[in-house]
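Chains as they are written, first to last, in my numbering: chain A, 1 to 76; chain X, 1001 to 1389.
The next block holds one structure in the form of structure tokens; read it before the comments.
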């Protein structure tokens, strides 16, 4: 990748990220009551899910990507 | 909120009040990241299956320090008593205890959350130390949350009654997680995690069996396992939760896994969560798992040193399992009690059925290589209290 390509890539990223910064959320904060309900949490009880991950990882060949993906409903 | 009244007249007054509170109070705060509330969990866990019992307590405490910092401490104990098929054939039943302790810190600034932590796990023949670092960023009006993480592990493997045996494992973990609000009722998440191991990856006690006509009693003999000293894996998971109008939730999840030992695994889960009145939450889940065997796995090798790498761990065989979970949670002190904001007491029961497709129950006897396939059921119980304060 030459210097011109790098500059173009940087400009593209800057423009793209700038667009992101002004994106209008299609689900408004006041529409997130249902998502904020505890029953909608990916990981309502971390102590319990952490234990079950341990149970499975000790007995299965697969590992990783077993937890929630972080974040949530954006309601904090 | 009228849908609650329409479906269950007079029943969900409390739910409506909570939802209204969320709309009026919580939602306007959503434009800046915030720390989760202070919380403490105390859990007792018990696993029974394949003549092994593992139980013990666990503790998880989270405390905010000001508006931007929080610390988390955890403590976990496994008390193991095992006469499982893994030890019946080539070793002796044993008891041992594993203790794990960890400390984490969290820092929030605007829409960015930084977490870091370390933990230490000790058994008499195994020590595992790990550390992690993660950055989470809310994007696009907080509809999207992206998490990047890195972890490092350092294991020391020892062997009972052999003071000269000590080996190391170095582990690195790379993660990317994204959660995305799709609609006011649907949220999706995906996680990608890559893990690399380098070092002594064998179990120091496990042995493989091979056909040995000179062994008149069994027709087979044993030799030590030999694993490759590197392993790299990648797992990709997609999960979602959907809110049902009568206040319930359904969720689904799928995970694909593959590694350099040729194991390919698929995990799928569906679940349903149903609150009842204002203080009970019921949950049911069904999880299925299936994996192929590692390239160097065999239940019975045809001769000694048949190949460079040898394994007979059932965890590396071709097998499947199915889990049915039932759980109930009772919420108490919802209006506060003393220093408590609220609390819950929870009970979960998981029944796991394991079916092995090329791991045989050798102690059961029979013609060599034609013993019955191994299978067992496990019961997992968790009882825990959660306190928000």
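Beta carbons: idealized from backbone N, C-alpha and C, even for Gly.
Values in this document were obtained by computation on a predicted structure and should not be read as measured data.
When you compare only the Cα positions, how much space is there between residue i and residue j?
i               : j               : result
residue 1263(X) : residue 1359(X) : 15 Å
residue 1063(X) : residue 1077(X) : 22 Å
residue 1151(X) : residue 1133(X) : 6 Å
residue 1275(X) : residue 1284(X) : 12 Å
residue 1227(X) : residue 1058(X) : 33 Å
residue 1025(X) : residue 1036(X) : Low per-residue confidence applies at residue 1025(X): pLDDT is 34, beneath 50, and the placement is therefore not dependable, though the value from the model is reported in the following sentence. When rounded, the distance between both Cα atoms is 15 Å.
residue 72(A)   : residue 1254(X) : Since pLDDT at residue 72(A) reaches only 42, below the 50 mark, its modelled position is unreliable, and the value read off the structure follows with that caveat. Taking the straight line from one Cα to the other gives about 18 Å.
residue 1107(X) : residue 1118(X) : 15 Å
residue 1218(X) : residue 1232(X) : 37 Å
residue 32(A)   : residue 42(A)   : 15 Å
residue 1032(X) : residue 1111(X) : Note that residue 1032(X) scores a pLDDT of 44, beneath 50, so its modelled location is shaky; the value from the coordinates is reported in the next line. Going from the Cα of residue 1032(X) to the Cα of residue 1111(X) covers about 6 Å.
residue 1158(X) : residue 1387(X) : 39 Å
residue 1021(X) : residue 1375(X) : Any answer about residue 1021(X) is weak, because its pLDDT of 34 lies below 50 and its placement is not dependable; what the coordinates show is given next. Straight-line Cα distance between these residues: approximately 51 Å.
residue 1094(X) : residue 1160(X) : 11 Å
residue 1249(X) : residue 1242(X) : 6 Å
residue 1092(X) : residue 1131(X) : 34 Å
residue 59(A)   : residue 1369(X) : 23 Å
Which residues does DSSP list as the beta-bridge partners of residue i?
i               : result
residue 1042(X) : 1059(X), 1385(X)
residue 1329(X) : 1281(X), 1346(X)
residue 1211(X) : 1220(X)
residue 1265(X) : 1257(X), 1291(X)
residue 1195(X) : 1173(X), 1233(X)
residue 1352(X) : 1323(X), 1378(X)
residue 1251(X) : 1241(X), 1271(X)
residue 1162(X) : 1159(X)
residue 1149(X) : 1134(X), 1175(X)
residue 1064(X) : 1070(X)
residue 1357(X) : Looking at the DSSP assignment, residue 1357(X) forms no beta bridge with any residue, so it has no partner.
residue 1116(X) : 1105(X), 1133(X)
Is residue i helix, strand or coil by DSSP?
i               : result
residue 1021(X) : Low confidence applies here, because residue 1021(X) scores a pLDDT of 34, under 50, leaving its location unreliable and the question unanswered by this model.
residue 1306(X) : coil
residue 1317(X) : coil
residue 35(A)   : helix
residue 30(A)   : helix
residue 1339(X) : coil
residue 1027(X) : Caution applies to residue 1027(X), whose pLDDT of 35 falls short of 50 and renders its modelled position unreliable; the model cannot decide the point.
residue 1086(X) : helix
residue 1080(X) : strand
residue 57(A)   : helix
residue 66(A)   : coil
residue 49(A)   : helix
residue 41(A)   : coil
Determine whether the beta carbon atoms of residue i and residue j lie at a separation below 8 Å.
i               : j               : result
residue 53(A)   : residue 67(A)   : yes
residue 1175(X) : residue 1187(X) : no
residue 970(X)  : residue 1356(X) : Past the edges of chain X, shown from 1001 to 1389, lies residue 970(X), and the structure says nothing about it.
residue 1079(X) : residue 1050(X) : no
residue 1303(X) : residue 1211(X) : yes
residue 1206(X) : residue 1305(X) : no
residue 1043(X) : residue 39(A)   : no
residue 1200(X) : residue 1167(X) : yes
residue 1281(X) : residue 1258(X) : no
residue 27(A)   : residue 1054(X) : no
residue 25(A)   : residue 1139(X) : no
residue 1353(X) : residue 1321(X) : yes
Is residue i close to chain C, meaning its C-beta is less than 8 Å from at least one C-beta of that chain?
i               : result
residue 1255(X) : This model lacks chain C altogether, as its protein chains are A and X.
- Message: Counting only Cβ-Cβ distances shorter than 9 Å, please list the residues of the stretch 36-51 of chain A near chain X, keeping chain order.
- Response: 36, 37, 38, 39, 40, 41, 42, 44, 45, 46, 47, 48, 50, 51
- Task: Taking a Cβ distance cut-off of 8 Å, strictly less, list which residues of the stretch 1233-1247 of chain X are near chain A, in chain order.
- Result: 1233, 1234, 1235, 1236, 1237, 1239, 1241, 1243, 1247
- Message: Please identify, using Cβ separations under 8 Å, the residues of the stretch 1308-1323 of chain X that lie next to chain A, in order along the chain.
- Response: 1315, 1316, 1321
- Query: In the stretch 1039-1063 of chain X, which residues sit with their C-beta less than 7 Å from some C-beta in chain A, listed in chain order?
  - Reply: 1041, 1043, 1045, 1047, 1058, 1060
- Message: Along the stretch 1142-1168 of chain X, where does the CB come closer than 7 Å to a CB of chain A? Name the residues.
- Response: 1142, 1143, 1145, 1147
- Item | Positions along the stretch 1285-1310 of chain X whose CB lies within less than 9 Å of some CB in chain A | 1287, 1289, 1291, 1292, 1293, 1294
- Looking at chain A, which residues of the stretch 1354-1381 of chain X have a Cβ within less than 9 Å of any of its Cβ atoms? 1354, 1378, 1380
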